[in-house]
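J.: Just so you know, the sequences run in chain order B and W.
Position 382 of the first sequence, counted from 1, bears residue number 546 in our numbering, the numbering being contiguous throughout.
Position 113 of the second sequence, counted from 1, bears residue number 277 in our numbering, the numbering being contiguous throughout.
Below is the structure I would like to discuss, written out as structure tokens.
Protein chains: 2
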Amino acid sequence: MNHLTRRELLGLVAGGVAWARPAQAQKRRLNFVFLLVDDLGWADTGVYGADLHETPNIDRLARESMKFTQAYAAAPVCTPTRASIMTGKYPARLGMTIWHEASANPPQNRKVIPPVVRGSLPHEEVTIAEVLHEAGYLTAHVGKWHLGTAGYYPETQGFDINIGGTFWGAPQTFFYPYRGTKHFGGEPRYVPHLEWGKPGEYLTDRLTDEVVRIVEKAGERPFFLHLGYHTVHTPIEGKPELVERYRKKLRPGLRHQNAAYAAMVHSLDESVGRILGALQQRGIADNTVVIFTSDNGGYINEFDKQTVTSNSPLRSGKGSLYEGGVRVPLLVKWPGVTQAGSICEEPVASIDFYPTMLEMAGLRGDARHNAEVDGISLLPVLQNPKGRLSREEIYFHYPHYYATTTPVSAVRARDWKLLEYHEDNRVELYNLASDLAEAHDLASKAPQKAKELREKLDGWRRSIKAQMPAPNPKYPGAR
Amino acid sequence: MNHLTRRELLGLVAGGVAWARPAQAQKRRLNFVFLLVDDLGWADTGVYGADLHETPNIDRLARESMKFTQAYAAAPVCTPTRASIMTGKYPARLGMTIWHEASANPPQNRKVIPPVVRGSLPHEEVTIAEVLHEAGYLTAHVGKWHLGTAGYYPETQGFDINIGGTFWGAPQTFFYPYRGTKHFGGEPRYVPHLEWGKPGEYLTDRLTDEVVRIVEKAGERPFFLHLGYHTVHTPIEGKPELVERYRKKLRPGLRHQNAAYAAMVHSLDESVGRILGALQQRGIADNTVVIFTSDNGGYINEFDKQTVTSNSPLRSGKGSLYEGGVRVPLLVKWPGVTQAGSICEEPVASIDFYPTMLEMAGLRGDARHNAEVDGISLLPVLQNPKGRLSREEIYFHYPHYYATTTPVSAVRARDWKLLEYHEDNRVELYNLASDLAEAHDLASKAPQKAKELREKLDGWRRSIKAQMPAPNPKYPGAR
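Laid out in structure tokens, this is it:
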């Protein structure tokens, strides 16, 4: 067996003298590589059925991992999901339900007025980085952060290293020097810490250079790498030679039709290959957990007059609580535990990573971690792809607008899913086992199920003090 | 002569083909090292009369430079002076008259209520870095920035490189890993970009490592290094061996009595030596301008129950518009132009660096730089220490409170100086030629001069739309 047993790990962490282990054992504490891709859709990689995109390295990782078919981001947009990963809590419990930049300025001209919510992760929250750091881990954040202003950057939340993390949700450009004012309303955005680059250098490649450097320099310390790859978020910019390659491959009938996006996915895949290679090179692949996932569903709107991606067969995309907005790819490779090439169909969510990683690291009983964690450890399924989790429901709350949605909450309960829209209190009910595309609303056909789930959803919102939108008295037709 | 003539420089910048020069000439464009020390008092270095502190490298720089005896920071605190250096404008014209953190929250319990002012340097301002960058310079900021939130960091204001610049005015600690929550109300501050350090590493040394690296990596590009050394600001933390060295040297009667502060000055001095050495090493010392100054007067309050420094013979210190708060050391080394060991007694101010550096770089006529610059080029005095500037007055406006002051404005007009306090509209008048210590208020003895200067001060404030404090109706005794 290539990894330490949980008992051994607990001993190393909690033990000190009494539990002293030989140096060899100390070296074998699990590393974590958490690879969070921005906006990567459920169907964007080969192993999840992409057609245009080529992802040989991700597909290889999948063959060495457990692949989850029903993994959820806790929110349909970036900041809330990222906050849930850091804390194991539902975004609505944290009061962080929309991306940072939009948190304080809800639109005042829609039918309901979304709440003003938190834009920075409070320091009182004990992040996964803080727990691992205190347990002796080297903790590094690379890439997108999006969890608050500069006083809330990764350095204040348990990370030894922050390369590139800011309050912004996306870079101005994916090409060196990674700054400018072209997109995002002319805002002069930049990616800090990458000053010594070469013209033409591509951000995804560069972040990977930095990641590889950390892997090489980490020495004997176990590490937690929290990798917020900016790709495949807008601006949709691929390396020219790759864009050209995919442009030639385009043909009618393919699910994906955006060559620049395909080029971005290609570069992401190369980076995955390089990171796995660096672990292999250092001889630590067999005690490094690799988690590969996305912060929300694929972006189905336009950029540069081209549709970005498609989440087909799922409905809708980023911003929506239909499956296309929240169901994401998830691969977990835990050498010696997860069965290579296994598939898990149990619904899991981004709130689960926190307790899962703590248990993997033997820190489950650690009093420092947050008391009110919403997620649950995935060990029962990681150890057995046919296992079941004890949880029956996964909840979502997005009381905001987006191109794909009006304010909405949802609950996934085994095969069923209910959505409740707050402009008109309408509910929709779907049976995902028979209707993955959410095409057939069963709310009127199964009113008892709808009522039951609505009550559960309402009870959950109350229990975590979820912020709700308010009626807009100035909206045309409002009384 | 080791530098290009101004005509040659103008040609290189403005010229293109018509003014084409051989490669050798192109290589000789002037570099700039702008070394801005935080809170360094007028009397803190050997060349300005320090007794406890030892500064052999700074003293050597002074022997190779022009030393100014009447140089002013444009403000008695950090952010405003720094803004004036970036733009050549008076802080009051920029609406930036107090440090970043205090800009939005004036106290409500004092006799007058200070104005809410700007905390971030507007992007519309054309900084010295932007002009030099557009002219082909490599522009680097290292250390303290303090000119705005993350959307206003050096990367957005013309700098290719930002190492360590944040919205904060001081680091948590001068020791690696440069973060913590001990000072500043428990705020989790950090210095970004310095993650690969060694325990015990000292911030001043580390910033210098980074500066030397930039000098070495700049290649053939001319460079502008804007070095915001955090030292000698609080927290007053010196390297232990140096603190011990100065502790042994303490004796009654010395002007300076703080061994930890002396150790900080010592480390600063070593850094100055290392930077000058790096320029020498690369063979570019003879075409590199070095400017050494401070952002305000020395801090005369306590830290860790010890008085930090003394500006004697000047009155008061940081925060005040008496000389101790705004008169600062200034050394300018312009190889081939400034006369080694020369002394200039002309009053100059931090608003002057912008037009001075532009003229040194041959960019004076450049339309990109700000139209409303308040400073004037110092070339007439740099070329001739006995020269005079055409300006008669230098103005100050600090409508805020500090440990050393209540809201106040001031004007320096040749030998005279008038201060106007806004709580009670009281004025004070000093003749600095005969009363450097500002001990003898001549306002009642020379009412005509007081009236004349008060009118000038008032006219200046109106012309730049200076923000004024307001009466506090809730203050005890207010009607």
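Note that CB positions come from ideal geometry on N, CA and C, so glycine has one too.
A quick note: this is a predicted structure, and the numbers were derived from the prediction, not measured.
1) Are the C-beta atoms of W/His357 and some chain B residue less than 8 Å apart?
2) Nearest to W/Ala603 by CA position, among W/Lys497, W/Pro611 and W/Leu593, is which residue?
3) Check the Cβ of W/Ile325 against every Cβ in chain B and list those closer than 9 Å, keeping chain order.
4) How far does the alpha helix (DSSP H) with B/Gln444 in it extend, from its first residue to its last?
5) Just checking my contact of W/Leu542 with W/Thr569 at CB under 8 Å: how many whole Å lie between their CB atoms?
6) When you compare the CB of W/His420 with every CB in chain B, is at least one pair closer than 8 Å?
7) Compare the C-beta of W/Tyr463 with all C-beta atoms of chain B and state if any pair is closer than 8 Å.
8) Counting Cβ pairs closer than 8 Å, one from the stretch 255 to 264 of chain B and one from the stretch 459 to 472 of chain B, do we hit at least three?
9) Leaving aside the five residues before and after B/Ile222 along the sequence, list all residues of the same chain whose C-beta is less than 6 Å from its C-beta, in chain order.
10) Whole angstroms is fine: what's the gap from W/Ser431's alpha carbon to W/Glu319's?
11) So what's W/Gln612 in DSSP terms, helix, strand or just coil?
12) With a threshold of 8 Å between beta-carbons, can W/Phe331 be considered close to chain B, or not?
13) Going by DSSP, what residues sit across from B/Lys638 in a beta bridge?
14) So W/Glu319 contacts chain B; which residues on that side make the cut at Cβ distance below 7 Å?
15) Tell me whether W/Glu218 is buried or exposed, calling it buried when 16 or more other Cβ atoms sit within 10 Å of its Cβ.
16) For W/Ile540 and B/Pro341, what's the separation of their Cα atoms in angstroms?
17) Which residues in chain B have a C-beta closer than 9 Å to the C-beta of W/Lys381? List them in chain order.
18) So does the stretch 507 to 516 of chain B actually touch the stretch 580 to 588 of chain B, counting three or more Cβ pairs closer than 8 Å?
19) Taking the beta carbon of W/Gln234 as the centre, do at least 16 other beta carbons fall within 10 Å, making it buried, or is it exposed?
20) Closer than 8 Å, CB to CB, is W/Ala424 near chain B or not?
21) Thinking just about the alpha-carbon of each residue, which of B/Asn589, B/Gly350, B/Asn326 and B/Glu405 is nearest to the one in B/Thr337?
22) B/Gly322 and B/Thr291 look like a contact to me (Cβ under 8 Å); what is the Cβ gap, rounded to whole Å?
23) With H, G and I counted as helix, E and B as strand and the rest as coil, what does DSSP make of B/Leu199?
24) By a C-beta neighbour count over all protein chains shown, 10 Å radius and 16 as the cutoff for buried, is W/Leu414 buried or exposed?
25) Assess, as a yes-or-no matter, whether the stretch 298 to 309 of chain W is touched by the stretch 361 to 375 of chain W under the definition of 3 or more beta carbon pairs within less than 8 Å.
26) What does a CB cutoff of less than 6 Å around B/Ile378 pick up in its chain, not counting 5 residues either side in sequence?
27) What residue range does the alpha helix (DSSP H) around B/Pro244 cover?
28) Classify W/Lys638 as buried or exposed, calling it buried when 16 or more other Cβ atoms lie within 10 Å of its own Cβ.
29) Starting from the C-beta of W/Trp624, find all residues in its chain whose C-beta is less than 6 Å away, skip the five residues before and the five after it, and write them out in chain order.
30) Under 8 Å, with one C-beta from each stretch per pair, do the stretch 191 to 205 of chain B and the stretch 402 to 412 of chain B reach the 3-pair mark?
31) Count the other CB atoms, across all protein chains shown, that sit within 10 Å of the CB of B/Gly488; report buried if there are 16 or more and exposed otherwise.
32) Identify, in the order they occur along the chain, each residue of the same chain with its Cβ nearer than 6 Å to the Cβ of B/Val545, setting aside the five sequence neighbours on each side.
33) So, helix, strand or coil for B/Trp360, using DSSP?
34) Could you confirm whether any beta carbon from chain W is found closer than 8 Å to the beta carbon of B/His287?
35) For W/Glu502, name the three-state secondary structure that DSSP assigns.
36) If contacts are defined as beta-carbon pairs under 8 Å, then W/Glu557 and W/Arg576 qualify, I think. What distance do you get, rounded to the angstrom?
T.: The answer reads as follows:
1) So, interface residue.
2) Answer by Cα proximity: W/Leu593.
3) Correct list: Glu359 and Trp360.
4) Ala423 to Gln445 is the extent of the alpha helix (DSSP H) around B/Gln444.
5) Not confirmed; about 28 Å, so no contact.
6) Not one chain B Cβ lies under 8 Å of W/His420.
7) At a cut-off of 8 Å between beta carbons, W/Tyr463 makes no contact with chain B.
8) By the Cβ rule, the stretch 255 to 264 of chain B does not count as touching the stretch 459 to 472 of chain B, because fewer than three pairs are nearer than 8 Å.
9) Answer for B/Ile222: Thr209, Asp433 and Val436, listed in chain order.
10) Going by C-alpha positions, W/Ser431 is about 28 Å away from W/Glu319.
11) The DSSP-derived three-state label of W/Gln612 is helix.
12) Closer than 8 Å: yes.
13) Paired residues: none, contrary to the question.
14) Under the 7 Å cutoff, chain B gives Arg343, Tyr354 and Pro356.
15) It is buried - the Cβ of W/Glu218 has at least 16 other Cβ atoms within 10 Å.
16) W/Ile540 and B/Pro341 have their C-alpha atoms some 34 Å from each other.
17) Those are Trp360, listed as they occur along chain B.
18) With a cut-off of 8 Å, the stretch 580 to 588 of chain B and the stretch 507 to 516 of chain B do not count as touching, because too few Cβ pairs lie within range.
19) W/Gln234 counts as buried, since at least 16 other C-beta atoms from the protein chains shown sit within 10 angstroms of its C-beta.
20) No - not a single Cβ of chain B is within 8 Å of the one on W/Ala424.
21) Checking every option, the nearest Cα to that of B/Thr337 belongs to B/Gly350.
22) For B/Gly322 against B/Thr291, the beta-carbon gap comes to about 5 Å, under 8 Å, which counts as contact.
23) In the structure shown, the three-state DSSP call for B/Leu199 is strand.
24) So W/Leu414 counts as exposed.
25) With the cut-off at 8 Å, the stretch 361 to 375 of chain W and the stretch 298 to 309 of chain W touch.
26) Around B/Ile378, the same chain offers Ala304 as residues with beta carbons nearer than 6 Å, after the five sequence neighbours per side are excluded.
27) According to the DSSP assignment, B/Pro244 belongs to the alpha helix (DSSP H) that extends over Cys242 to Thr251.
28) Flag for W/Lys638 reads exposed.
29) Once the five neighbours on either side are set aside, the close Cβ partners of W/Trp624 are Tyr559.
30) No, because fewer than three Cβ pairs between the stretch 191 to 205 of chain B and the stretch 402 to 412 of chain B fall closer than 8 Å, the two stretches do not touch.
31) Around the beta carbon of B/Gly488, a 10 Å sphere encloses 16 or more other beta carbons of the protein chains shown; the residue is thus reported as buried.
32) Result list for B/Val545: Cys508, Glu510 and Gly551, in chain order.
33) Three-state DSSP puts B/Trp360 in coil, outside helix and strand.
34) Using a CB distance cut-off of 8 Å, B/His287 counts as an interface residue toward chain W.
35) Just to set this straight, residue 502 of chain W is Thr in the shown sequence, not Glu. Coil at W/Thr502, not helix or strand.
36) Rounded to the nearest angstrom, the Cβ distance from W/Glu557 to W/Arg576 is 7 Å, consistent with a contact under 8 Å.
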